[in-house]
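*Asks:* To start, I am sharing the structure in question, which I have written as structure tokens.
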Amino acid sequence: MTDPQRHPDAEPRPSGPDARRSSRPDAGAQPGGPEQPGGPTPEGGRRSGLRNPDKAVRGLGAGTLSLEALVLLLAIQPIRVVGGDLGGAAIGVIVALAVACVVLAGMMRRPWAWHAGTVLQGLLLLSGLLHWSLFALGVIFALVWAYALHVRRVILG
């Protein structure tokens, strides 16, 4: 090992887990940084820092709709036990909403799927006429969907 006192021009080498990374000449460069082509530009390129922002936003929308479908299906029995007059038609509406959520979750690549998801939240709120707890679920998921739309607008611009 060389001692910096023997070689006054030599820079001390860092030790530890970052020693190998920092010894490379491009260690400080970030992938997609301003010095590389395709990096973020001040005029409005990739602002979010995500590798694929479209895919991330689609995943958020699909995850939200999938969770909504699961909650709707799991809510059928507790609503019946709590004392709701939940007949066959009301259960059919809940299952139809859950199926629509799953179908829309699979179609998030389409730009109209986001609008259809918003309509779906309105239908869930409207199903609150069948039972008050469906209205409560509609309010909760409408707020979650509004947040997902906000995140989409912030990330994609």
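In the working numbering, the protein residues as written are 17 to 173.
All C-beta atoms, glycine included, are put in the ideal place defined by N, C-alpha and C.
Pull up the CB-CB distance for Gly77 and Ala164, whole angstroms please, since I reckon it's below 8 Å.
*Replies:* Sequence index remark: in the sequence shown, residue 77 carries index 61 (1-based). Sequence index remark: in the sequence shown, residue 164 carries index 148 (1-based). So it is a contact: roughly 6 Å between Cβ atoms.
*Asks:* How many angstroms separate the CA atom of Pro167 from the CA atom of Gly173?
*Replies:* Here residue 167 refers to the residue found at position 151 when the sequence shown is read from its first residue. Here residue 173 refers to the residue found at position 157 when the sequence shown is read from its first residue. Per the sequence shown, the amino acid found at residue 167 is Val instead of Pro. Roughly 10 Å separates the two Cα atoms.
*Asks:* How many whole angstroms separate the CB atoms of Gly144 and Leu150, which I take to be in contact at a CB cut-off of 8 Å?
*Replies:* As a first step, residue 144 is located in the sequence shown; it is residue number 128 there, counting from the start. As a first step, residue 150 is located in the sequence shown; it is residue number 134 there, counting from the start. That pair is a contact at about 5 Å.
*Asks:* What is the DSSP secondary structure of Gly103, reduced to helix, strand or coil?
*Replies:* Here residue 103 corresponds to residue number 87 of the sequence shown, with the count starting at 1. Residue state, collapsed to three classes: coil.
*Asks:* Helix, strand or coil: how does DSSP classify His131 here?
*Replies:* Position 115 of the sequence shown, counted from the first residue, corresponds to residue 131. Here His131 sits in helix by DSSP.
*Asks:* Can you tell me the Cβ-Cβ gap for Val118 and Ala91, rounded? I've got them flagged as a contact below 8 Å.
*Replies:* For this step, residue 118 is matched to residue 102 along the sequence shown. For this step, residue 91 is matched to residue 75 along the sequence shown. With 8 Å as the limit, Val118 and Ala91 do not qualify as a contact, their Cβ atoms being about 15 Å apart.
*Asks:* Round the Cβ separation of Leu66 and Ala72 to the nearest angstrom and send it over; I've been treating them as touching at under 8 Å.
*Replies:* Position 50 of the sequence shown holds residue 66. Position 56 of the sequence shown holds residue 72. About 5 Å separates the two Cβ atoms, so the contact holds.
*Asks:* Using 10 angstroms around the beta-carbon of Val109, count the other beta-carbons present and answer buried if the total reaches 16, otherwise exposed.
*Replies:* Here residue 109 corresponds to residue number 93 of the sequence shown, with the count starting at 1. Buried: at least 16 other Cβ atoms inside 10 Å.
*Asks:* Between the alpha carbons of Val160 and Leu153, how many angstroms are there, rounded?
*Replies:* Your numbering for residue 160 matches position 144 in the sequence shown. Your numbering for residue 153 matches position 137 in the sequence shown. Cα-Cα distance, rounded: 11 Å.
*Asks:* Tell me whether Leu142 is buried or exposed, calling it buried when 16 or more other Cβ atoms sit within 10 Å of its Cβ.
*Replies:* Counting from one through the sequence shown, the residue named residue 142 turns up at place 126. It counts as exposed.
*Asks:* To the nearest angstrom, report how far apart Leu120 and Asp101 are at their CA atoms.
*Replies:* Taking the sequence shown and counting its residues from 1, one reaches residue 120 at position 104. Taking the sequence shown and counting its residues from 1, one reaches residue 101 at position 85. Rounded to the nearest angstrom, the two C-alpha atoms are 29 Å apart.
*Asks:* Is it the case that the Cβ atoms of Leu139 and Ala114 are separated by a distance below 9 Å?
*Replies:* Counted from its first residue, the sequence shown places residue 139 at position 123. Counted from its first residue, the sequence shown places residue 114 at position 98. No. Outside cutoff.
*Asks:* Given this structure, state the Cα-to-Cα distance separating Ile171 from Pro127, to the nearest angstrom.
*Replies:* For this step, residue 171 is matched to residue 155 along the sequence shown. For this step, residue 127 is matched to residue 111 along the sequence shown. One C-alpha to the other measures close to 15 Å.
*Asks:* What do you get for Arg74, buried or exposed, if any count of 16 or more other CB atoms within 10 angstroms of its CB means buried?
*Replies:* In the sequence shown, counting from the first residue as 1, residue 74 sits at position 58. Arg74 is buried by the Cβ-count criterion.
*Asks:* In or out: His147 buried (at least 16 other Cβ within 10 Å) or exposed?
*Replies:* Sequence index remark: in the sequence shown, residue 147 carries index 131 (1-based). So His147 ends up on the buried side.
*Asks:* To the nearest angstrom, how far is the alpha carbon of Gly103 from that of Arg96?
*Replies:* Residue numbering aside, residue 103 sits at position 87 when the sequence shown is read from its first letter. Residue numbering aside, residue 96 sits at position 80 when the sequence shown is read from its first letter. Straight-line Cα distance between these residues: approximately 9 Å.
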